[in-house]
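Reviewing the structure listed below.
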Amino acid sequence: MTAEPEVDSTRPFAAFEWMLAWRYLRARRREGFISVIAGFSFLGITLGVATLIVVMSVMNGFREELLSKIVGVNGHIFVQPIDSPLTDYAEVAKRIEAVDGVSLAVPLVEGQALASSAQTGNNNGALVRGVREADLARIPYIAGTIREGTLAGFDEKGGVAIGRRLAEFLGVRVGDTLTIISPRGAATPMGVAPRIKSYPVVAIFEIGMSEFDSTFVFMPLPEAQNFFNRDGDVSVIEVFLRDADAVDAARDRIDAAAGRPIMMSDWRQRNRTFFSALEVERNVMFLILTLIVLVAALNIVSGLIMLVKDKGEDIAILRTMGATRGAIMRVFLITGASIGIVGTLAGFFLGLTIALNVESIRAFLSQLTNTNLFPAELYFLSRLPAVIEPGEVVTVVATAIILSLIATLYPSWRAARLDPVEALRYG
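Every number in our numbering is 274 more than the matching position in the sequence shown, counting from 1.
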């Protein structure tokens, strides 16, 4: 006589299954150690999910802030001359600016120099940029970041605009004199003599990116042409697009509009290594931090296995009272899944709260410990950014829940396969 296959006549996830799962989750004196494991599992998943959300949001913020400021100051496409100097820069820039998708074309004279202050005697390397006043007022992150002075009458004043960090290092303010020294000056019988000239500081800007704020010096274009021995030409025309990702589509149109032989490069080529490194670091951090959630899920496995072993007699009695294997399996599925799902939700809210207030938290901790937890000299930016990507948050939450559910399968299956007779005999 063969045994009939067991039919689960109990309605799945009935009230008594939830009641049993809740009772198993509650701390009792005899299974207190099991409850401790469950608590650590819950805490591990909560911290893992929160850490993932915060770290990914901060790395997204880094990329967005760096991209917007690097591209906002330096342009999207760089047009350089071929065969002959770019003496017709005004006409070429005007034609390029009329191209569909182009918002601004800025002729520049650019050169390395040494900036020195007579007031303090300090000096620092500087990147000097000669630009027209009308263009400087339209460059993103320059006109809107003036902290002292003004750009009005920039061409007529013949002064310079410098970054705030450079001004602080040199100890100069608006109205003070800044000395610019270039190694490539006038040719003499004794060789090339350095060119030294002093300029009044007419404006101080703060872009918020330490590398720019500590090196950029803007001066009127005619003055820069004279200082760097440019014979009425410029070194490059920087083109700003309305959409930074539309570089490929704009290249052909700009080439046609230039009306002369030119060579073009774009922001992706100049910063490829930097942003590729950020992307790799972001992906590696996601994988590493996911291991925190995985370890917490493994704690669920060990906790449930111990709970099954401890509740062997209870399972046997339930089976003799008519509970099916499916019902027993669902009880332990609910027990383990509750830890994972509630822990994930707690981590979700904790992570969002920290990510939305990460700069305030950093400022508070810096003030509390009297230390600079985010030095701009090391991290480029003067504030800690965070950008929450909904798609990434959904991925983190879904990953944590799936790992938690997978972790409950084996202990639940083992509980369902427990032989009531053996459990009561050796219980």
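Glycine included, every Cβ here is placed at the ideal spot set by N, Cα and C.
If I follow the unbroken alpha helix (DSSP H) through residue i, where does it start and stop?
| i | result |
| --- | --- |
| Asn-500 | 495 to 501 |
| Pro-355 | It is not in any alpha helix (DSSP H) - Pro-355 instead sits in the beta strand (DSSP E) that spans 351 to 355. |
| Ile-608 | 599 to 630 |
| Glu-430 | 428 to 431 |
| Ile-680 | 664 to 690 |
| Asp-409 | 407 to 410 |
| Val-525 | A small correction: the amino acid at residue 525 is Arg; Val does not occupy that position in the sequence shown. Where Arg-525 is concerned, the enclosing alpha helix (DSSP H) stretches over 521 to 532. |
Would you list the one or two residues that DSSP bridges to residue i?
| i | result |
| --- | --- |
| Pro-474 | Thr-451 |
| Gln-386 | Leu-401 |
| Arg-469 | Ser-456 |
| Met-538 | Val-353 |
| Ser-391 | Leu-452 |
| Gly-437 | Phe-479 |
| Ala-379 | Val-513 |
| Val-491 | Val-402 and Ile-436 |
| Leu-360 | Val-508 |
Quick check on this structure: which residue in the options has the alpha carbon closest to the alpha carbon of residue i?
| i | options | result |
| --- | --- | --- |
| Lys-431 | Arg-406, Ile-608, Leu-581 and Met-333 | Arg-406 |
| Gly-614 | Thr-643, Leu-581, Ile-574 and Ile-628 | Ile-574 |
| Ile-764 | Met-330, Leu-563 and Val-353 | The displayed coordinates of the chain run from 275 to 701. Any statement about residue 764 would go beyond what the structure contains. |
| Asp-409 | Phe-638, Gly-427, Asp-529 and Glu-663 | Gly-427 |
| Leu-630 | Val-567, Ala-660, Ser-391 and Leu-565 | Ala-660 |
| Asn-500 | Leu-340, Gly-385 and Leu-561 | Gly-385 |
| Arg-534 | Asn-334, Gly-346 and Leu-360 | Leu-360 |
| Ala-690 | Leu-495, Glu-587, Gly-449 and Gly-482 | Glu-587 |
| Ala-571 | Ile-589, Met-483, Met-538 and Ser-678 | Ser-678 |
| Asn-348 | Val-616, Ala-364, Arg-412 and Ile-528 | Arg-412 |
| Pro-609 | Ala-672, Leu-683, Asp-507 and Leu-378 | Position check: residue 609 holds Thr in this sequence, whereas Pro was assumed. It is Leu-683. |
| Pro-494 | Trp-296, Ser-484, Phe-486 and Val-508 | Val-508 |
| Val-328 | Glu-633, Pro-685, Ile-675 and Ala-637 | Glu-633 |
| Pro-414 | Glu-497, Gly-482 and Val-402 | Gly-482 |
| Thr-618 | Phe-316, Glu-663, Ala-681 and Leu-692 | Phe-316 |
| Ala-312 | Arg-604, Val-616, Pro-286 and Arg-337 | Val-616 |
| Val-376 | Trp-296, Asp-357, Ala-417 and Ala-531 | Ala-531 |
| Thr-673 | Val-582, Gly-600, Leu-341 and Thr-564 | Thr-564 |
| Phe-490 | Val-402, Gly-506, Ala-520 and Ala-523 | Val-402 |
| Val-434 | Gly-445, Val-582, Leu-378 and Glu-497 | Glu-497 |
| Gly-404 | Thr-419, Ile-436, Glu-663 and Arg-297 | Ile-436 |
| Ser-539 | Asp-522, Ala-551 and Ala-601 | Asp-522 |
| Ala-524 | Val-671, Ile-319 and Ala-379 | Ala-379 |
Around the C-beta of residue i, are 16 or more other C-beta atoms found within 10 angstroms, so that it is buried, or is it exposed?
| i | result |
| --- | --- |
| Asp-526 | exposed |
| Val-668 | exposed |
| Leu-578 | buried |
| Phe-606 | buried |
| Leu-642 | exposed |
| Thr-424 | exposed |
| Asp-517 | exposed |
| Trp-541 | buried |
| Gly-343 | For the record, residue 343 in the displayed sequence is Lys; it is not Gly. The residue is buried, with at least 16 neighbouring Cβ atoms inside 10 Å. |
| Ala-289 | exposed |
| Ser-283 | Unreliable positioning characterises Ser-283 in this predicted model, as indicated by a pLDDT of 48, which lies under 50. A coordinate reading is not provided. |
| Arg-421 | exposed |
| Ser-391 | buried |
| Thr-645 | exposed |
| Gly-596 | exposed |
| Thr-594 | exposed |
| Leu-639 | exposed |
| Ala-417 | exposed |
| Pro-286 | exposed |
Considering residue i, what are the terminal residues of the beta strand (DSSP E) in which it resides?
| i | result |
| --- | --- |
| Ile-420 | 420 to 423 |
| Ile-511 | 510 to 515 |
Query raised in the report: Can at least three beta-carbon pairs, one atom from the segment 323 to 331 and one from the segment 623 to 631, be found at a separation below 8 Å?
Result: Between the segment 323 to 331 and the segment 623 to 631, the count of C-beta pairs closer than 8 Å reaches three or more; the two stretches touch.
Requested in this report: Tell me, please, whether the segment 448 to 455 touches the segment 467 to 477 by the rule of three or more beta-carbon pairs shorter than 8 Å.
Outcome: yes
Query raised in the report: Can we say the segment 358 to 372 touches the segment 543 to 551, given the rule of at least three CB pairs closer than 8 Å?
Result: no
Query raised in the report: On the three-pair Cβ rule with 8 Å, is the segment 436 to 449 touching the segment 476 to 483?
Result: yes
Query raised in the report: On the three-pair Cβ rule with 8 Å, is the segment 352 to 361 touching the segment 498 to 518?
Result: Enough Cβ pairs lie closer than 8 Å, so yes.
Query raised in the report: Is it true that the segment 388 to 396 meets the segment 558 to 574, where meeting means three or more beta-carbon pairs spaced less than 8 Å apart?
Result: no
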